[in-house]
């Protein structure tokens, strides 16, 4: 015996599952990005002070500036990776809700996503 799926309820369940994952992961992303941006900004201030005082010479200036570019690039790459993981978690949560709804409506046990 099948049970019809309540479309409105299913939509709300998917939104809720996606929001739950996204809110949790966005909180982690925000904490990570705040710490990293602060560290990069502090490093930039140190480099600027070193250049202004002459402790960082014209010969070493490029090294320190390149290091800042590398820090910024690493931050962006890590943030991109974390965002991809969050998107996959949201997708898994939504598909889990869909499989559950279809399983309940049909009485068929649909295996979870690997």
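Residue numbers (the UniProt record's numbering): 1 to 114. Don't be surprised by glycine CBs; every beta carbon is placed ideally from N, CA and C.
Shorter than 6 Å, the distance from the beta carbon of residue i to the closest heavy atom of the ligand NAP, or not?
i         : result
residue 2 : What this structure holds is no ligand at all, so the ligand NAP is not there to describe.
In this structure, how does DSSP classify residue i when only helix, strand and coil are distinguished?
i           : result
residue 25  : helix
residue 81  : helix
residue 34  : helix
residue 66  : helix
residue 110 : coil
residue 42  : helix
residue 54  : coil
residue 104 : helix
Write down the C-beta distance between residue i and residue j rounded to the nearest angstrom, noting that I regard them as a contact closer than 8 Å.
i           : j          : result
residue 105 : residue 18 : In fact, because the Cβ distance is near 21 Å, the residues do not count as touching under 8 Å.
residue 64  : residue 40 : Wrong, their Cβ atoms sit about 13 Å apart, outside the cutoff.
If I measure Cβ to Cβ from residue i and keep anything under 6 Å in the same chain, skipping five residues before and after, which residues do I get?
i          : result
residue 10 : 101
residue 5  : 101 and 105
By Cβ distance, which residues of its chain are closer than 8 Å to residue i, with the 5 residues on each side in sequence left out?
i          : result
residue 32 : 78, 79 and 82
residue 30 : none
Which residues in the same chain have their Cβ closer than 7 Å to the Cβ of residue i, if we skip the five residues on either side of it in sequence?
i           : result
residue 145 : Residue 145 falls outside the range modelled here, since the chain spans only 1 to 114, and no answer is possible.
residue 110 : 99, 102 and 103
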